[in-house]
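Participant: Just so you know, the sequences run in chain order A and B. For the first sequence, our numbering gives the first residue as 1, with consecutive numbering after it. For the second sequence, our numbering gives the first residue as 1001, with consecutive numbering after it.
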Amino acid sequence: MDVKKTIIEKIWEQHIVRSHTGEPDLLYIDLHLVHEVTSPQAFEALRLADRPVRRPDLTLATVDHNVPTQGRDLPNPDPLSTKQIETMQKNAAEFGIPLWDIFDTRQGVVHIIAPEHGLTQPGMTIVCGDSHTSTHGAFGSLAFGIGTSEVEHVLATQTLPQVPPETMSVEVTGSLSPGVTSKDVILAIIRRMGVDGGVGRVIEYRGELIESLSMEARMTVCNMTIEAGARAGLIAPDEVTFEYLKGRSMAPEGEAWDAAVKDWSSLKTDNGAEFDHSIVLNGSEIEPHVTWGTTPAQSVPISGRVPGPEDFTTAAGKETAERALTYMDLESGQRIEDINIDRVFIGSCTNGRIEDLREAASVLKGKRISETVKAMVVPGSGPVKIQAEAEGLDSIFKDAGFEWRDPGCSMCLGMNPDILLPGERSASTSNRNFEGRQGAGGRTHLVSPTMAAAAAVAGHFVDIREI
Amino acid sequence: MKTIESIQGKTIPLNRADVDTDQIMPKQFLKRIERSGYGPFAFYEWRKEESFVLNDSNYTGAPIMLAQQNFGCGSSREHAVWGLEDIGVQAILAPSFADIFRNNCSKVGLLTIVLDQSDIDYLMSRAEELPDSQVRIDLSSQTVKLEGSDWQRSFEIDPFVKHRLLNGLDDIGITMQYEDEISNYESSRSSKKPDTSSAFEDTMKVG
């Protein structure tokens, strides 16, 4: 009898270069994405050891983390940022790696550009020196973030020693209620699992609700897998995946396309295969979510109130909640809808794709943002920006009072000038609400693009279902 | 990589759960292209709080950090490990660690040890009450000992990581010994897999 396997085990086994008892498996890496921030020291180490990049043809670089999102035709005022970008250019040229540079129309957030050109495909192993690499799992690939030493390892050998993960099924049943997005689904999952519920595991997201999502919505779910502590998260490829990939510049064509679809179609968890862990969520009950604290697991439905230390059972839980409330300047019992905001950020590898911008624009059409709010949209990539402008979305955002910027990670992590000032409070479509994440002393609330847009208009959080 | 056999010294009680790498190494310091010199930036914001443990001269030079659950969560930035390394931390003891951070530590040669919550809480309170308490970690016997007492615990460690740390072996050097296996894999690898050679030309066509 055949052994029943999960999709996670199938992809893993297809990439084993070497397996030896007492050692991690050596896995082959199909695609290595590189950016300016976590690679300079890796290239420098290669240079010192006189090692080449083994497979520049399986490597793609861009600049996204610290690039300015306005005034790119002017000299970059930040000398360190300039040096890091120039270092990426120099390294790409020296080691023969393609680079989608700052003035390339394809430049953008690393996890947005590979999928939109059809480079991310089912069944691949994909790594990048960035923890949100799990985004690519939406295509049924095994994609995970790595540190700079591992970046060097992959550049030198195109492989990575990895201990096999535990497998986890996260099943979401039912369907999305009106006003609820895939961002709310993943926030609900993280809330349920906790920020370390996934440590050591790779998740397969499954179930009726997950299958009903578009590719872009699936990417939002997989993107935030790391916020539950998991190594990677993926969704089995299906017709939605194939439809999305077909015709993209780096996807197969003609006979190769047919053969690829045949291969990809077999990438499913076998009936009866067992996961090491599993949870089920009723998706129909999920409401729009807003984070109140300083971890992505600290969220509540928009209809809810800010919890307090009394809502937690352990001493550590109480202390963490207390510290989060102090940092966020919130009071236990406060209604989420009564929280006023100063800034709105729409963008990032979580929610910077065209569907996100369309949804946000649909809320903003014909409206003006509150006079007390400063808001910006940062498209996830050049093609997203071009498409949005072709559809007139930029005008809707600008007419509403939003700034319309150039692509990059921007205020998601605040490495460029796009930051919160101390004490400022944001509604943000990004992925982390850690202390100081968007700027020292800044306070971040994570929400979906429509919730962010609605908050921009009202000046405080509102229930998108009542608009 | 330097070898690790044993580590002995004072411990720094960092008594907070879910400490993320944004706290350990804030983003503004990731623009540097150097590999060293990150010590002054470690916990940059928290060090502005006078009561923060790293501002307490009692713990200056301590080679062991005590931490709480899920230490090192969030971003993959190895700069966080480089910062800890640069302030002299050689080992971290916690009830649990985030995966990428723990991996990064093992590549740099910083030992991460998981102990039960109650053991961490005990060591934490000892370090808070008696900052001069000495802890000794012995890697080959996989033990942690509180000097001057009977308190001793053994810990688990991935045997391969242990072997590398004990011998100071470079991970890439090890993998390079398997050059034949890698080449064999490549020659049997599907030609249908995408490559990035077309990325040099601008053939933008999306959607």
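For every residue, glycine included, the Cβ atom is placed at its ideal position computed from N, Cα and C. Note that the structure is a prediction, hence the values are computed from the model and not measured.
Report all residues from its chain with a CB closer than 6 angstroms to the CB of G198 (chain A); omit the five preceding and five following residues, and keep chain order.
Facilitator: Cβ within range, chain order: A228, G229 and A230.
Participant: Strictly under 9 angstroms for the Cβ-Cβ distance: is G1207 (chain B) near chain A by that measure?
Facilitator: With a pLDDT of only 48 at G1207 (chain B), under the threshold of 50, the placement of this residue in the model should not be trusted; the figure read from the coordinates follows. Yes, G1207 (chain B) counts as interfacial toward chain A.
Participant: Under 9 angstroms between beta-carbons, which chain A residues line up against Y1178 (chain B)? List them in chain order, please.
Facilitator: V17, R18, L26, T157 and T159, listed in chain order.
Participant: So what does DSSP say about M1124 (chain B), is it helix, strand or coil?
Facilitator: Helix, per DSSP.
Participant: Can you list, in chain order, the residues of its chain with a C-beta nearer than 7 angstroms to that of G1207 (chain B)? Leave out the 5 residues immediately preceding and following it.
Facilitator: Its pLDDT being 48, under 50, G1207 (chain B) is placed unreliably in this model, and the value from its coordinates should be taken loosely. Closer than 7 angstroms at Cβ, skipping near neighbours: no residue.
Participant: Any residues in the stretch 47-70 of chain A with a beta carbon nearer than 7 angstroms to a beta carbon of chain B? Which ones, in chain order?
Facilitator: So the close ones are D57, L58, T59, L60 and N66.
Participant: Thinking just about the alpha-carbon of each residue, which of A:R425, A:A361 and A:P379 is nearest to the one in I396 (chain A)?
Facilitator: Nearest C-alpha to I396 (chain A): A:A361.
Participant: For K1145 (chain B), list the residues DSSP reports as bridge partners.
Facilitator: In the DSSP output, where bridge partners are listed per residue, K1145 (chain B) has B:R1136 and B:Q1152.
Participant: Would A1127 (chain B) count as contacting chain A if we go by Cβ distances under 9 angstroms?
Facilitator: No, its Cβ sits nowhere closer than 9 angstroms to a Cβ of chain A.
Participant: Alpha carbon to alpha carbon, how far is S370 (chain A) from P161 (chain A)? Give it in angstroms, no decimals.
Facilitator: Roughly 52 angstroms separates the two Cα atoms.
Participant: How would you list, in chain order, the residues of chain B whose beta-carbon sits under 9 angstroms from the beta-carbon of M124 (chain A)?
Facilitator: Neighbours of M124 (chain A) on chain B, chain order: K1193 and P1194.
Participant: Please give me, in chain order, every unbroken run of the alpha helix (DSSP H) with length at least 4 that falls completely inside the stretch 75-100 of chain A.
Facilitator: Runs found: 79-95.
Participant: Quick one: list the residues of chain A neighbouring S1096 (chain B), beta-carbon separation under 8 angstroms, in chain order.
Facilitator: Those are D196 and V199, listed as they occur along chain A.
Participant: If the criterion is Cβ atoms closer than 9 angstroms, does the pair A114 (chain A) and A92 (chain A) meet it?
Facilitator: No, Cβ-Cβ distance for A114 (chain A) and A92 (chain A) is not below 9 angstroms.
Participant: Tell me whether E13 (chain A) counts as near the ligand ZN, meaning its Cβ is closer than 8 angstroms to at least one heavy atom of that ligand.
Facilitator: The ligand ZN is not part of the structure shown, which contains no ligands of any sort.
Participant: Output the boundary residues of the alpha helix (DSSP H) element that contains F397 (chain A).
Facilitator: Counting along the chain, the alpha helix (DSSP H) containing F397 (chain A) begins and ends at L393 to A400.
Participant: Per DSSP, what kind of secondary structure is G1207 (chain B) in: helix, strand or coil?
Facilitator: For G1207 (chain B), the predicted structure reports a pLDDT of 48, less than 50, and the residue's modelled location is therefore unreliable. A value from the coordinates is still provided. The answer is coil: DSSP assigns G1207 (chain B) none of H, G, I, E or B.
Participant: Considering just the uninterrupted stretch of the alpha helix (DSSP H) at Y28 (chain A), what are its terminal residues?
Facilitator: Segment D25 to Y28 is the beta strand (DSSP E) holding Y28 (chain A); no alpha helix (DSSP H) there.
Participant: At the 9 angstroms Cβ level, is E1085 (chain B) part of the contact set with chain A, yes or no?
Facilitator: Closer than 9 angstroms: no.
Participant: Have a look at the DSSP bridge pairing and note the partners of I126 (chain A).
Facilitator: In the DSSP output, where bridge partners are listed per residue, I126 (chain A) has A:L31 and A:A143.
Participant: Which residues does DSSP pair with Y205 (chain A) in a beta bridge?
Facilitator: Beta-bridge pairing links Y205 (chain A) to A:V170.
Participant: For the stretch 1035-1044 of chain B against the stretch 1067-1075 of chain B, are there 3 or more C-beta pairs whose distance is under 8 angstroms?
Facilitator: Short answer: they don't touch.
Participant: Taking 9 angstroms as the threshold (C-beta atoms), are G317 (chain A) and L234 (chain A) in contact?
Facilitator: For L234 (chain A) and G317 (chain A), no; Cβs fall outside 9 angstroms.
Participant: Can you check whether the C-beta of V1108 (chain B) is within less than 9 angstroms of a C-beta belonging to chain A?
Facilitator: Output row for V1108 (chain B): interface = yes.
Participant: Roughly how many whole angstroms lie between the Cα atoms of M451 (chain A) and N431 (chain A)?
Facilitator: The straight-line gap from Cα to Cα measures roughly 14 angstroms.
Participant: Quick check on the burial criterion: 16 or more other C-beta atoms within 10 angstroms. Buried or exposed for L48 (chain A)?
Facilitator: Exposed: under 16 other Cβ atoms inside 10 Å.
Participant: Shortest alpha-carbon distance to F1160 (chain B) belongs to which of A:T21, A:V202, A:S284 and A:L58?
Facilitator: Minimum Cα distance to F1160 (chain B) is reached at A:T21.
Participant: For L446 (chain A), go through chain B and note every residue whose CB falls closer than 8 angstroms to its CB, in chain order.
Facilitator: Within 8 angstroms Cβ-Cβ: nothing; L446 (chain A) doesn't reach chain B, min ~13 angstroms.
Participant: Provide the residue span of the alpha helix (DSSP H) that contains K318 (chain A), from first to last.
Facilitator: A315 to M328 is the span of the alpha helix (DSSP H), which, as asked, contains K318 (chain A).
Participant: Pick out whichever of A:D463, A:E13 and A:V53 has its Cα sitting closest to the Cα of V290 (chain A).
Facilitator: Selected option, being the one with the closest Cα: A:D463.
Participant: Using a C-beta to C-beta distance shorter than 8 angstroms, which residues of chain B count as neighbours of E44 (chain A)?
Facilitator: Those are I1033 and R1035, listed as they occur along chain B.
Participant: Hey, would you say R1016 (chain B) sits closer than 9 angstroms to R443 (chain A), going by beta carbons?
Facilitator: Against a cut-off of 9 angstroms, the Cβ pair of R443 (chain A) and R1016 (chain B) comes out as no contact.
Participant: Measuring alpha carbon to alpha carbon, tell me which of A:K385, A:P379, A:E391 and A:G436 ends up nearest S410 (chain A).
Facilitator: Nearest option by C-alpha distance: A:P379.
Participant: Say whether the stretch 40-47 of chain A touches the stretch 5-16 of chain A, bearing in mind that this needs 3 or more beta-carbon pairs closer than 8 angstroms, one atom from each stretch.
Facilitator: Segments in contact, no.
Participant: Are the beta-carbon atoms belonging to A375 (chain A) and G401 (chain A) less than 9 angstroms from one another?
Facilitator: Result yes, Cβ atoms of A375 (chain A) and G401 (chain A) sit closer than 9 angstroms.
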